[in-house]
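These protein sequences, in sequence, are chains A and B. Numbered per numbering that gives the first Met the number 0, the first sequence spans residues 0 to 238. Numbered per numbering that gives the first Met the number 0, the second sequence spans residues 0 to 238. Scroll down for the structure; my scribbles are underneath it.
Number of protein chains: 2
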Amino acid sequence: MALPDAPSGRTGRPPRTSRAEILAAARRILERDGWEKLTLRRLAAEAGVSTMTLYHHVRDREDLLIQLINDLADQLPPPDLSGSPRDRIVAASTAMHDALAAWPWAVEVLTTDGFLSRLGESALRIVEAIVAGAVDHGCTPQQAVHVYRSIWYYTVGEILVRAHSRRRRPDGDQPGETLFSGPDPSLGRLDPARQPHMVAIGDRWGEFAAQDTYRLGLRAFVDGLLARAGSAEPGDPAT
Amino acid sequence: MALPDAPSGRTGRPPRTSRAEILAAARRILERDGWEKLTLRRLAAEAGVSTMTLYHHVRDREDLLIQLINDLADQLPPPDLSGSPRDRIVAASTAMHDALAAWPWAVEVLTTDGFLSRLGESALRIVEAIVAGAVDHGCTPQQAVHVYRSIWYYTVGEILVRAHSRRRRPDGDQPGETLFSGPDPSLGRLDPARQPHMVAIGDRWGEFAAQDTYRLGLRAFVDGLLARAGSAEPGDPAT
DNA sequence: GCTACTTTTCGTACATGTACAAAAAGTCCG
DNA sequence: CGGACTTTTTGTACATGTACGAAAAGTAGC
């Protein structure tokens, strides 16, 4: 078993299909049929190959998606490095968010720390921009890592909720959608006696679209994180 | 098709199995065999029922997990409502986070806005506490929703990354784990010329465990969110 | 008890990701 | 050219969630 393309020895049967051809076939499916259709069997058919042959070029489905992400990241414009450190963090995070939001198939694969270690150079530019911004603002290295990780969690959470919600209501981000319009009133209905504040909010729950939530939340988050720059180390028990 | 338990008419074959029995069987599997073993086929066997019979009591697997979450949430202690509004938000969010972190099987199901509409009363107490804290601090209703949603995204992201990462390295949260110790050096290796700040951080990437990251990030986030209380509406393009 | 009708239960089938081991198709040395 | 060896390719099999429709098992009216 191996995942070559960089030939180890030079003996044995030469591969008939390259990793690049498989990725190209995957992109073809993404564009033509949509990401729901990107299954291993269909990909194998598109590449003119047996299903199990795919496993010689990718470790598993997740590996395939990661390679696709790196592929597409190469076509992103590099992050904007002008502006204050704080603005650079915001810009890089937003770029990361927007790219992922455009690749709904990518969300299956984002939720692991190990994913970071497999990013290609283009994607790493964004991580570097965030970390550099934090350091330039005065964060310690530990704090810079903390800034990156926190933003990463927030971004992944927003992306996943958005993509997953869209899967069930494919009409996208309806600004007016209500969080409490679910189909099972018996379980989670609001009671003015028990949830007075939620009731008071009433139908304003869905008042802004997901983008606004992310934009505003990100700025609040970055400000809160940077306010601690240089002071107590993260890990400090003091609040 | 229906999901009764509250009898609609009174004619027809009476059910042999109740929703409660199925949930009980599911909890038995969770405790005895671990959550990886909670499949519909196994659950059906445990409940002494055919697989497809399950679909008369739950809409699908996701519905099953949501009902389990609400079940377990009933046994959580209510959130701590003493302290300042800010402290209440932090306490409620932490309680939510810790509960979800203890239920790795729950993470599959958290990533949709619609999930909120299906929460039972116990789980809603936490949401209400967060919203109430924000309002009491001086947030507008819209801002309070924004506070809740942002914290929700951050929490879900952290939980998902943690659970997913643990699935591949079942040894849990190793404090010393390095983000850049992945198995594919050819893709994502750090280059001092291109990622100087990341390189400078070196092996400090994994210096704190996930809990600390969440704790600290949450406080920074809440502070950043509350700093905007009452001022410009969210949605304001400024900043 | 018999006949409609309703509701619950279940058997079968399909798509999916992937493990395993056998088969196929090359290269290299003599 | 012949055999040994290596690498690639593939066929088969299994567990999973779930759609579909038929079978089973009760109730209500007569």
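For each residue, glycine too, the CB sits at the ideal point set by N, CA and C.
With its beta carbon less than 8 angstroms from one in chain A, methionine 197/B belongs to the interface. Shortest Cα-Cα distance from aspartate 79/A to any of Trp104/A, Leu71/A, Ala131/A involves Ala131/A.
Asn69/B is the residue among Ala90/B, Asn69/B, Thr110/B whose C-alpha sits nearest the C-alpha of serine 121/B. Along the segment 109–134 of chain B, going in chain order, the ones with a CB nearer than 7 angstroms to a CB of chain A are Thr110, Thr111, Asp112, Gly113, Leu115, Ser116, Arg117, Leu118, Gly119, Glu120, Leu123, Val126, Glu127, Val130, Ala131, Val134.
Using a Cβ-Cβ cut-off of 7 angstroms, glutamate 157/B is close to Tyr152 of chain A, given in chain order. By the Cβ neighbour-count rule, aspartate 202/A is exposed, with fewer than 16 other Cβ atoms within 10 Å of its own.
Taking a Cβ-Cβ threshold of 7 angstroms, the residues of chain A close to valine 160/B are Thr110, Thr111, Asp112, Tyr152, Val155, in chain order. The three-state reading of DSSP puts arginine 15/A in coil, since its state is none of H, G, I, E or B.
Taken in chain order, the members of the segment 218–233 of chain B whose beta-carbon sits within less than 9 angstroms of a beta-carbon on chain A are Arg218, Ala219, Phe220, Val221, Asp222, Gly223, Leu224, Leu225, Ala226, Arg227, Pro233. At least one CB atom of chain B sits nearer than 8 angstroms to the CB of glutamine 194/A.
For arginine 85/A, the uninterrupted alpha helix (DSSP H) run begins and ends at 84–100, by DSSP. By the Cβ-count criterion, threonine 111/A is buried, with 16 or more other Cβ atoms from all chains shown falling within 10 Å of its own Cβ.
Chain B has a Cβ within less than 8 angstroms of the Cβ of threonine 212/A. If you check the CB distance, isoleucine 158/B and leucine 99/B come in under 8 angstroms. Nearest to arginine 117/A by C-alpha distance, out of Arg87/A, Ser17/A, Ala90/A, Leu64/A, is Leu64/A. In the DSSP annotation of this structure, the continuous segment of the alpha helix (DSSP H) that includes proline 195/B starts and ends at 195–200. In the structure shown, proline 191/B adopts coil according to DSSP, grouped into three states.
Contact of serine 83/B with chain A by beta-carbon distance below 9 angstroms is absent, the smallest such distance being about 11 angstroms. Cβ neighbours of alanine 162/B within its own chain (closer than 7 angstroms, five residues either side excluded): Pro103, Val106. Using a CB distance below 9 angstroms, no part of the segment 15–39 of chain A faces chain B. A direct Cα-Cα distance of roughly 17 angstroms separates glycine 156/A from valine 126/A. In the displayed model, threonine 212/A falls within a helix according to three-state DSSP.
Taking a beta-carbon distance threshold of 8 angstroms, isoleucine 200/A counts as an interface residue toward chain B. Here serine 83/B is exposed: its Cβ has fewer than 16 other Cβ atoms, across all protein chains shown, within 10 Å. For arginine 203/B, the neighbours in chain A by C-beta distance under 8 angstroms run, in chain order, Pro140, Gln141, Val144.
Between the C-alpha atoms of serine 17/A and aspartate 32/A there is a straight-line separation of about 22 angstroms. Judged by beta-carbon spacing, threonine 154/B lies within the 8 angstroms limit of serine 92/B, meaning their Cβ atoms are closer than that value. The beta carbon of tyrosine 147/A sits closer than 6 angstroms to the beta carbons of Ile129, Val130 from its chain, once the five residues preceding and following it are set aside; these are given in chain order. It is roughly 43 angstroms from the alpha-carbon of glutamate 35/B to the alpha-carbon of arginine 227/B. Take arginine 27/B, set aside five residues on each side of it, and the residues of its chain with a beta-carbon closer than 7 angstroms to its own are Glu45, in chain order.
Per DSSP, aspartate 79/A lies in no alpha helix (DSSP H) and is assigned neither H nor E. Serine 164/B reaches chain A at Thr111, Asp112, Gly113, counting residues in chain order whose Cβ is nearer than 7 angstroms. Secondary structure of arginine 58/B (DSSP, three-state): coil.
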